[in-house]
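Q: To start, I am sharing the structure in question, which I have written as structure tokens.
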Amino acid sequence: MPFNIPHCKSQAPVTYAVAAVSSIRFSSSSSLPALVPPPPPLHEENPFAALLASDPPPPEPLRQVLATGDVHSALRGLPGLAHQLFRWAETTPCGFPRSASAFAAVLVPLARANHIRVAYPVSLRALHLGLLLPLVSLLLSGPLAPAPLSLLNLLLSLSTKYSKECKARDATPDTCSTLCLSAFREMASHGVAPDVKDCNKVLRVLRDAARWDDMSAVHAEMLQLGIEPSIVTYNTLLDSFSKEGRKDKIDMLLKEMEARGSSCLPNDVTYNVVIAGLARKGYLEEAAELVEEMRLSKKASSFTYNPLITGLLARGFVKKVDDLQLEMENEGIMPTVVTYNAMIHGLLQSGQIEAAQAKFVEMRAMGLLPDVITYNSLLNGSVEPLIVGRVIGEVLDSFNPCVKMMVTYNSNKLVFNGHEIYPSAVVSKPRVEVQGGDLRSFFTLVMTDPDVPGPSDPYLREHLHWIVTDIPGTTDASFGRQIISYESPRPSIGIHRFIFVLFKQQGRQNVTVPSFRDHFNTRQFAEENDLGLPVAAVYFNAQRETAARRR
20 MPFNIPHCKS QAPVTYAVAA VSSIRFSSSS SLPALVPPPP PLHEENPFAA
70 LLASDPPPPE PLRQVLATGD VHSALRGLPG LAHQLFRWAE TTPCGFPRSA
120 SAFAAVLVPL ARANHIRVAY PVSLRALHLG LLLPLVSLLL SGPLAPAPLS
170 LLNLLLSLST KYSKECKARD ATPDTCSTLC LSAFREMASH GVAPDVKDCN
220 KVLRVLRDAA RWDDMSAVHA EMLQLGIEPS IVTYNTLLDS FSKEGRKDKI
270 DMLLKEMEAR GSSCLPNDVT YNVVIAGLAR KGYLEEAAEL VEEMRLSKKA
320 SSFTYNPLIT GLLARGFVKK VDDLQLEMEN EGIMPTVVTY NAMIHGLLQS
370 GQIEAAQAKF VEMRAMGLLP DVITYNSLLN GSVEPLIVGR VIGEVLDSFN
420 PCVKMMVTYN SNKLVFNGHE IYPSAVVSKP RVEVQGGDLR SFFTLVMTDP
470 DVPGPSDPYL REHLHWIVTD IPGTTDASFG RQIISYESPR PSIGIHRFIF
520 VLFKQQGRQN VTVPSFRDHF NTRQFAEEND LGLPVAAVYF NAQRETAARR
570 R
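First residue of the sequence shown: 20, per the numbering used here; consecutive thereafter.
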């Protein structure tokens with residue numbers, strides 16, 4: 020776009036520019052760290068002076084704009100040229116001037132033309148250079164004021180967007196929350212009311228930084244500015260006060276929501292947030308009352324019950340959890356994987372291993388697929404019964420279970436540590452699933468009985484029942500190489516332990532085949548074949564059946 024500007028061969032335009040821009044110069048320093056370390060600041064009074072003297076020189080008509088000395092005026096009403104200036108300057112060795120005034124010169128024409136999407140990367144660059152707060156201040160109180168509200172909302176939104184990256188750079192948890200809080204208060208101090216969506220973003224950052232008092236203050240300032248809170252506003256505030264255990268604040272906010280009418284009436288998300296917070300802090304009676312309210316209003320879901328179940332089990336109220344599960348079923352609310360994970364974890368934490376295992380069986384019977392949380396809970400609770408059953412100590416050294424192994428007889432009888440199974444139910448070899456690793460990892464399975472001929476005098480210890488090697492991860496034993504065939508348990512004296520042990524191989528390998536089934540030693544077998552410690556183990560008990568039982 021041509022300009023009626025005479026060509027200047029001297030540095031006089033630069034001198035004029037210094038005088039023109041000095042009146043709107045604003046410090047680009049900030050007390051907050053930039054998201055990326057900014058280069059050294061420019062020393063010229065005119066932030067664009069270095070661009071005018073760049074090599075190669077600026078193209079037309081950018082050279083004419085820079086030569087005026089009043090870039091702000093030259094770009095007024097020309098958003099396309101403003102964006103062109105930014106993009107060209109970023110390609111120069113020095114980059115776009117690191118000055119709030121320079122960024123304002125480009126952003127204001129873009130915002131006034133409603134080119135907010137184009138203004139986004141420019142604003143993002145200002146944020147990365149640590150210029151966001153100086154820029155907000157300049158737009159609110161400098162010669163360019165009043166700046167478009169859309170631009171101020173964009174800058175406020177950006178101040179909340181990169182909190183994770185900022186937190187990663189600084190160990191202080193409230194560094195980035197301070198940035199967005201300062202931007203919000205700068206706008207509020209000038210009577211500028213941000214969009215409620217951007218206010219909600221500020222509240223979320225403050226919540227994540229556990230700045231409860233600042234959240235209350237922002238909420239109060241929103242009301243003073245005439246900003247109508249949304250349901251998201253209240254849910255965010257309730258979430259924070261629930262985490263803090265501020266029941267007084269929760270009651271106050273719920274009443275405020277009801278007073279505001281239909282637009283802010285508490286919904287199922289609201290109650291679920293509050294229930295989760297109350298249960299986490301131990302206010303179980305209050306949480307149960309809200310669950311009952313939700314049930315009566317037909318708004319309850321598994322999300323409503325899950326936090327209360329977790330809270331009850333954390334304090335040992337197993338019977339109440341059973342009652343809640345029955346209530347859910349009566350209301351037609353199906354438990355989810357999250358529900359069962361909460362019950363399994365809580366039961367294991369309270370030492371009720373068999374009850375947790377029963378929930379796992381129940382979960383699978385309902386067609387729910389266990390996830391990594393389910394298996395991690397079971398793995399963490401799988402060592403203690405091995406110690407109690409003397410499997411660790413007599414047969415295995417202490418180890419850390421890191422792979423889930425599932426042993427199932429007759430397609431429906433899952434093996435759990437210490438459970439008793441009749442010999443007639445284990446005649447056929449089981450399905451042994453390795454739910455860990457991948458197809459490139461391989462495992463060895465050993466089944467052994469350390470109680471032969473009887474637990475009081477096991478002089479034949481151990482008796483080998485089965486060995487399968489080269490089982491690919493995520494498959495089952497049928498995909499491996501059987502080197503010792505399955506022998507069904509036939510205990511004759513006392514109660515025997517039948518132990519399944521899983522080792523992870525270093526790769527496909529040939530293992531030494533034991534010569535005899537009696538006097539087998541699992542530790543020695545693992546050592547001879549460089550198998551290391553087990554990655555999983557499970558055992559069941561069995562004793563001789565009576566003739567009547569076999570019939």
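The beta carbon of each residue, even a glycine, is placed where N, CA and C say it ideally should be.
Only a predicted model underlies this, so the values are computations on that prediction, with no experimental measurement involved.
Do you know whose CA, among Val215, Val520, Ser178, lies nearest Val487's CA?
A: Val520
Q: Can you tell me where the beta strand (DSSP E) holding Leu297 begins and where it ends?
A: Element bounds for Leu297: not the beta strand (DSSP E) but the alpha helix (DSSP H), 287 to 299.
Q: Please state if the CB of Leu552 and the CB of Phe418 are separated by a distance shorter than 8 Å.
A: yes
Q: Assign Asn431 to one of two classes, buried (16 or more other C-beta atoms within 10 Å of its C-beta) or exposed (fewer than that).
A: exposed
Q: Could you check where the alpha helix (DSSP H) with Val357 kicks off and where it finishes?
A: 356 to 368
Q: Do you know how far the Cα of Met241 is from the Cα of Leu200?
A: 12 Å
Q: Kindly confirm or deny that the stretch 133 to 147 and the stretch 90 to 110 touch, where touching means at least three C-beta pairs closer than 8 Å.
A: yes
Q: Restricting to Cα atoms, I'd like to know which of Met424, Ser208, Pro477 is closest to Phe539.
A: Pro477
Q: Which full runs of the beta strand (DSSP E) of 3+ residues lie inside the stretch 72 to 98, going along the chain?
A: none
Q: Quick one: give me the first and last residue of the alpha helix (DSSP H) that Val237 is part of.
A: 231 to 243
Q: In terms of residue numbering, what span does the alpha helix (DSSP H) encompassing Lys274 cover?
A: 266 to 278
Q: Which residues in the same chain have their Cβ closer than 8 Å to the Cβ of Val340, if we skip the five residues on either side of it in sequence?
A: Ile328, Leu331, Leu332, Met362, Gly365
Q: Between the Cα of Gly526 and the Cα atoms of Ala166, Pro491, Asn219, Pro140, which residue gives the shortest distance?
A: Pro491
Q: What do you reckon, are the CB atoms on Leu244 and Ala212 nearer than 8 Å?
A: Yes, Cβ-Cβ distance for Leu244 and Ala212 is below 8 Å.
Q: Tell me the residue span of the beta strand (DSSP E) that contains Tyr441.
A: Careful: Tyr441 lies outside any beta strand (DSSP E) and carries neither H nor E.
Q: Please give me, in chain order, every unbroken run of the alpha helix (DSSP H) with length at least 4 that falls completely inside the stretch 384 to 417.
A: 391 to 399, 402 to 407, 410 to 413
Q: Measure the CB-CB distance between Leu170 and Leu126 and report whether it falls below 8 Å.
A: yes
Q: Can you name the residues that DSSP bridges to Lys523?
A: Phe462
Q: Report the residue ranges of all alpha helix (DSSP H) runs contained in full by the stretch 128 to 216; include only those spanning at least 4 residues, in chain order.
A: 135 to 147, 151 to 160, 168 to 180, 182 to 188, 194 to 208
Q: Look up Thr450 in the DSSP assignment and say whether it is helix, strand or coil.
A: It is Arg, not Thr, that sits at residue 450 in the sequence shown. The answer is strand: DSSP assigns Arg450 an E or B state.
Q: Using 8 Å as the cut-off, can you tell me whether the stretch 499 to 514 makes contact with the stretch 445 to 454, which would need three or more C-beta pairs spanning the two stretches below that distance?
A: Touching, per the Cβ criterion.
Q: List the DSSP bridge partners of Gln501.
A: Val487
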